[in-house]
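K.L.:
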Amino acid sequence: MSEAVLQRKLARAEAKVRLLESLIEDKTRELYLQTVALKASNETLERIFDAMPGPVLVLDEHLVVQRFNRSALKLLEATPLLLTGLPATRFFPTIEASVARVDVEGGAVMTEAEWRLEGPALPVLATLARFSDGVERHVVVIATDLRDRKALELELRHAQKLEAIGALAAGVAHEVNTPLQFISDNVDFLVEALTSFDAFARRIEEAAPGIWSRVSEEPAFEELPFFRERIPKSLGRVKSGLERVTEIVRALKDFSHPGGEKAPVRLAPLVHRAVTVGRHELKGMDVQVEVPEGLEAYGYESDLNQVMLNLLVNAAHAIVDRHGDATLGRIRVFVDGGPEQVVLHVQDNGGGMPPAVQARVFEPFFTTKPVGKGTGQGLPICRKLIVERHGGRLWFDSAPGEGTTFHIGLPVAAAPSSGATHEPTRRAAGG
Amino acid sequence: MKGVIFNLFEEFIVETFGDEAWEKILDASPHEAREVRVGPLTYPDGHLLHLVGAACEVSGLPPEKAVRAFGRFLFGGLARKYPGIASQFAGPREMLQGIDSVIHVEVNKLLPGAETPRVLCQEHDDGSLTLTYESSRKMCTLLEGLLDGLEAHYGVTVERRHDVCMHQGAPRCELRLTFSAARAAA
Ligand code: HEM
Ligand SMILES: Nc1ncnc2c1ncn2[C@@H]1O[C@H](COP(=O)(O)OP(=O)(O)OP(=O)(O)O)[C@@H](O)[C@H]1O
Ligand SMILES: [Mg+2]
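Line by line, the protein sequences give chains Z and A. Counted the way our numbering counts, the first sequence spans residues 20 to 450. Counted the way our numbering counts, the second sequence spans residues 10 to 195.
1) Can you tell me whether Z:T146 is helix, strand or coil according to DSSP?
2) Could you pull out every residue in the same chain whose Cβ sits closer than 7 Å to the Cβ of Z:N333, ignoring the five residues on either side in sequence?
3) Buried or exposed: where does Z:E22 fall if 16 or more other Cβ atoms within 10 Å of its Cβ makes it buried?
4) Using a Cβ cut-off of 9 Å, which residues of the region 102-131 of chain Z contact any Cβ in chain A, in chain order?
5) Quick one: is the Cβ of Z:G393 within less than 6 Å of any heavy atom of ligand 2?
6) Could you check how far apart the C-beta atoms of A:R199 and A:E153 are, in whole angstroms? I think they sit under 8 Å.
7) Between the region 107-127 of chain Z and the region 167-178 of chain Z, are three or more C-beta pairs nearer than 8 Å?
8) So, with DSSP's three-state summary, where would you put A:T141?
9) Could you spell out where the alpha helix (DSSP H) holding Z:Y317 opens and where it closes?
10) Applying the 10 Å Cβ sphere with the 16-neighbour rule, what's the burial state of Z:I405?
11) Assess, as a yes-or-no matter, whether the region 104-115 of chain A is touched by the region 51-63 of chain A under the definition of 3 or more beta carbon pairs within less than 8 Å.
12) For the alpha helix (DSSP H) that Z:D69 lies in, which residues bound it at each end?
13) Closer than 7 Å, CB to CB, is Z:A56 near chain A or not?
14) Does DSSP put A:T166 in a helix, a strand or coil?
15) Beta-carbon separation of Z:Y319 and Z:P283 under 7 Å?
16) Let me confirm a value: A:P39 is counted as buried when at least 16 other C-beta atoms fall within 10 Å, else exposed. Which label applies?
17) Counting only the same chain and skipping the five closest in sequence on each side, list residues whose C-beta sits under 7 Å from that of Z:G369.
18) Please classify A:S110 as buried or exposed, where buried requires at least 16 neighbouring CB atoms within 10 angstroms.
19) With a CB to CB cut of under 7 Å and the five nearest residues on each side skipped, what residues in its chain are close to Z:N324?
20) Along the chain, where does the alpha helix (DSSP H) that runs through Z:C2 open and close?
21) If you draw a straight line from the alpha carbon of Z:S436 to that of Z:R379, how long is it in whole angstroms?
22) Shorter than 6 Å, the distance from the beta carbon of Z:M327 to the closest heavy atom of ligand 2, or not?
23) Could you give the distance in angstroms between the alpha-carbon of Z:G450 and the alpha-carbon of Z:H426?
24) Z:E242 to Z:S235, Cα distance in whole Å?
25) Cβ-heavy atom distance between A:M175 and ligand 1 below 6 Å?
26) Within 6 Å: the Cβ of A:M123 and any heavy atom of ligand 1?
27) Residues of chain A with a CB under 7 Å from the CB of Z:V24: which are they?
28) Taking A:V67 as the reference, give the member of A:I94, A:Y52, A:G100, A:W31 with the closest Cα.
29) With which residues is Z:Q453 paired in a DSSP beta bridge?
30) DSSP on A:S96, reduced to helix/strand/coil?
31) Grouping DSSP H, G and I as helix and E and B as strand, with all else coil, what is A:F79?
32) Using a Cβ-Cβ cutoff of less than 6 Å, which residues in the same chain neighbour Z:V390 once the five nearest sequence positions on both sides are dropped?
33) Please report whether the beta-carbon of A:V47 lies at a distance below 7 Å from any beta-carbon of chain Z.
34) Give the residues whose C-beta lies closer than 5 Å to at least one heavy atom of ligand 3, in chain order.
35) Would you say Z:V296 and Z:V352 are within 7 Å of each other, going by their C-beta atoms?
36) Can you tell me whether Z:V55 is buried or exposed, with buried defined as 16 or more other CB within 10 angstroms of its CB?
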């Protein structure tokens, strides 16, 4: 090869090297910028992933956890260290069957499952799907926490049970009413007959003085004076007892009368009814009802019956819990309020609640009572009935060792937006 | 066309006709066709045509022959430069069937902006193949050369009937290929 050719070749080789160097520099810069941009978009995605309210897990081909968001950690009460690399079968025992379904059916598959890692079993609705990122195949699992829904279902079942019991009580009350009426009529007849007999006896005594004492000296009639004196009293007691039973039966009937429409509800009879129905729990306690006759709230009567009874029974339990002796219990039901709202207060001198209990009383199933005595559904249901069904408020003040007052705020009339006329707060008594 | 092709052309000339020949070709080419090129960058197709024209002048070969010979060389050069791509096929058929879906796809990852042609295969019951070639460059002569290279690479003979051709106004070239085992070993 000639010197000249060699020179030219060398010059071209050098030019090529320079070109390649600048090319490498350009590419390096480009790569750097792209890496930065990619990182930023990756971080954004990561943040979105983490901020998603639903728990999401990404598994590899062998169903081992690769990625997860914060909600997933929270749901499983796990640490990132624990969850990373964990086979999903450890907390989702039926996952293999579900993935098999994805492979057969394609798309996304939904399945109800029980997840359990360290804590208690979690009912979840899991949605599974496969995806590929071009390198690997993955399974993505999106979970919906079903605990609230399960609790709601239970609550509904409880409410339905109450309703059924109510209907049963109304039926029994209706049945009892007829013989009760019959007994009552007969007692009235007996009183009348006895009065007449007594008048007759007096007439004979007048006609033949001394006859009464002479006859009653005979051994067979020895007790006659005693009977004569006691029978009217005894019948009087039967009568008042009957009146009481009649009252209870009527209260039961009214109490369990199924809801119907929202309407003005008279509060005084409502409270008295609840006291009557709850009398077994309230026995021996001093229950004062200071609700003006004619005062009304706007709502569902059967809901308000239930709420009042729940609050009274809770108060009674708190009293027995504190004093052990019902006769020391004092419960006061009183009202105040403005033209648009009436507030019913149920005050007791029971044991009150420590702050830890106060914070949780409206939680479904929270109870401090032994099994069989409380299910912890009373107050959550009351809250729902008052707040959701009536747009009212239910709250309380409680002092441990002194007592508790529950407050029910209720609208007095239909909301103005519904076009109803404004009802006066208090009505003439006796209406 | 990518710099790789230009540089393999230079190699082809140097190997076949020697260093001096390449210098002569450069001297006989227009100024812009003489630039230094690197593999991944793209250069005007016209420059390659200038270089080929100059090569024909210097070597005395007719253009057809020169391009075809370059195609044969090019196949070996590409297979050598990109062993990962070339080595994944069991035989010549498999390779031809993989041009469009594998080879040129990989090429585009390594050399972004490469304008590779569309080369598709259709199999027949008698074991022959119809290969269709479609490119705005209409470089079916280069294609034939590449097929020569393929023959040499796999040690087979590929009979060709090139009845349908873009140079005769067809929208694409069609080559009927029949394979036979290597010629009796020498
Ligand atoms: C290892 C295998 C191969 C590699 C790495 C490869 C790579 C390339 C590259 C880099 C180009 C230039 C594209 C451009 O600059 O825009 C090209 C063009 C071309 N390739 Fe391939 N190729 C391979 C195999 C084949 C085979 C087996 C055939 C056909 C038998 C083929 C037919 C062509 C043709 C005809 C062109 C010219 C461009 C055109 O016609 O538009 N290639 N190839
Ligand atoms: N008046 C009250 N005084 C003190 N504690 C109360 C009072 N009312 C409720 N609580 C507390 O709140 C808890 C929850 O009350 P809630 O009515 O929801 O359920 P419960 O009475 O335990 O059961 P249930 O009403 O379902 O039979 C009670 O267990 C008790 O600890
Ligand atoms: Mg309760």
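Even glycine gets a Cβ: it sits at the ideal position worked out from N, Cα and C.
P.N.:
Taking the definition as stated:
1) Here the question's residue 146 of chain Z lines up with position 127 in the first sequence. The answer is strand: DSSP assigns Z:T146 an E or B state.
2) For this step, residue 333 of chain Z is matched to residue 314 along the first sequence. Hits under 7 Å: G397.
3) Here residue 22 of chain Z refers to the residue found at position 3 when the first sequence is read from its first residue. Result: exposed.
4) none
5) Numbered from its first residue, the first sequence carries residue 393 of chain Z at position 374. Indeed, a heavy atom of ligand 2 lies less than 6 Å from the Cβ.
6) One cannot answer for residue 199 of chain A here, as it falls past the ends of chain A, which runs 10 to 195.
7) no
8) Locating residue 141 of chain A in the second sequence gives position 132, where the first residue counts as 1. Correct three-state label for A:T141: strand.
9) Residue numbering aside, residue 317 of chain Z sits at position 298 when the first sequence is read from its first letter. Where Z:Y317 is concerned, there is no enclosing alpha helix (DSSP H), although the beta strand (DSSP E) it sits in stretches over 315-318.
10) By one-based count along the first sequence, residue 405 of chain Z stands at place 386. By the neighbour-count rule (16 or more Cβ atoms within 10 Å), Z:I405 is buried.
11) no
12) Residue 69 of chain Z sits at position 50 when you count from the first residue of the first sequence. 22-70 is the extent of the alpha helix (DSSP H) around Z:D69.
13) Numbered from its first residue, the first sequence carries residue 56 of chain Z at position 37. Output row for Z:A56: interface = no.
14) The sequence position of residue 166 of chain A within the second sequence is 157, counting from 1. If DSSP states are grouped into helix, strand and coil, A:T166 belongs with the strands.
15) On the first sequence, position 300 is the one that residue 319 of chain Z refers to. On the first sequence, position 264 is the one that residue 283 of chain Z refers to. No, the Cβ-Cβ distance between Z:Y319 and Z:P283 is not below 7 Å.
16) Mapped onto the second sequence, residue 39 of chain A falls at position 30. By the neighbour-count rule (16 or more Cβ atoms within 10 Å), A:P39 is not buried but exposed.
17) Here residue 369 of chain Z refers to the residue found at position 350 of the first sequence. Result list for Z:G369: A334, A337, I338, D340, R341, G422, T423, in chain order.
18) Position 101 of the second sequence, counted from the first residue, corresponds to residue 110 of chain A. A:S110 is exposed by the Cβ-count criterion.
19) For the purposes of this step, residue 324 of chain Z is taken as the residue at position 305 of the first sequence. Taken in chain order, the residues that qualify are F274, L289, R292, A293.
20) This structure cannot speak to residue 2 of chain Z, because chain Z is shown only from 20 to 450.
21) Position 417 of the first sequence, counting from 1, holds the residue named residue 436 of chain Z. Position 360 of the first sequence, counting from 1, holds the residue named residue 379 of chain Z. Annotation note: pLDDT 45 at Z:S436 (below 50); position unreliable, no value reported.
22) By one-based count along the first sequence, residue 327 of chain Z stands at place 308. Z:M327: no, Cβ never under 6 Å from ligand 2.
23) By 1-based counting over the first sequence, the position of residue 450 of chain Z is 431. By 1-based counting over the first sequence, the position of residue 426 of chain Z is 407. Per-residue confidence for Z:G450 stands at a pLDDT of 31, beneath the threshold of 50, marking its modelled position as unreliable; the derived number appears in the next sentence. Their backbone Cα atoms lie some 26 Å apart in a straight line.
24) The residue you call residue 242 of chain Z lines up with position 223 of the first sequence. The residue you call residue 235 of chain Z lines up with position 216 of the first sequence. One C-alpha to the other measures close to 7 Å.
25) Sequence index remark: in the second sequence, residue 175 of chain A carries index 166 (1-based). Result no, Cβ not under 6 Å from ligand 1.
26) For the purposes of this step, residue 123 of chain A is taken as residue 114 along the second sequence, with counting starting at 1. Looking at the sequence itself, residue 123 of chain A is Ala, so the reference to Met does not match. At least one heavy atom of ligand 1 is nearer than 6 Å to the Cβ of A:A123, so yes.
27) Translated into the one-based positions of the first sequence, residue 24 of chain Z becomes position 5. What Z:V24 touches in chain A: D28, E29, E32.
28) Within the second sequence, the letter at position 58 stands for residue 67 of chain A. It is A:W31.
29) There is no way to answer for residue 453 of chain Z, as the model of chain Z reaches only from 20 to 450.
30) If you number the second sequence from 1, residue 96 of chain A lands on position 87. Reduced to three states, the DSSP call for A:S96 is coil.
31) Here residue 79 of chain A is taken as the residue at index 70 of the second sequence, counted from 1. Here A:F79 sits in helix by DSSP.
32) Looking up residue 390 of chain Z in the first sequence gives position 371. Excluding residues within five positions, none has a Cβ falling inside 6 Å.
33) By 1-based counting over the second sequence, the position of residue 47 of chain A is 38. Yes, A:V47 counts as interfacial toward chain Z.
34) Z:N333, Z:G397
35) The residue you call residue 296 of chain Z lines up with position 277 of the first sequence. The residue you call residue 352 of chain Z lines up with position 333 of the first sequence. Cβ atoms of Z:V296 and Z:V352: not closer than 7 Å.
36) Counted from its first residue, the first sequence places residue 55 of chain Z at position 36. That one is exposed.
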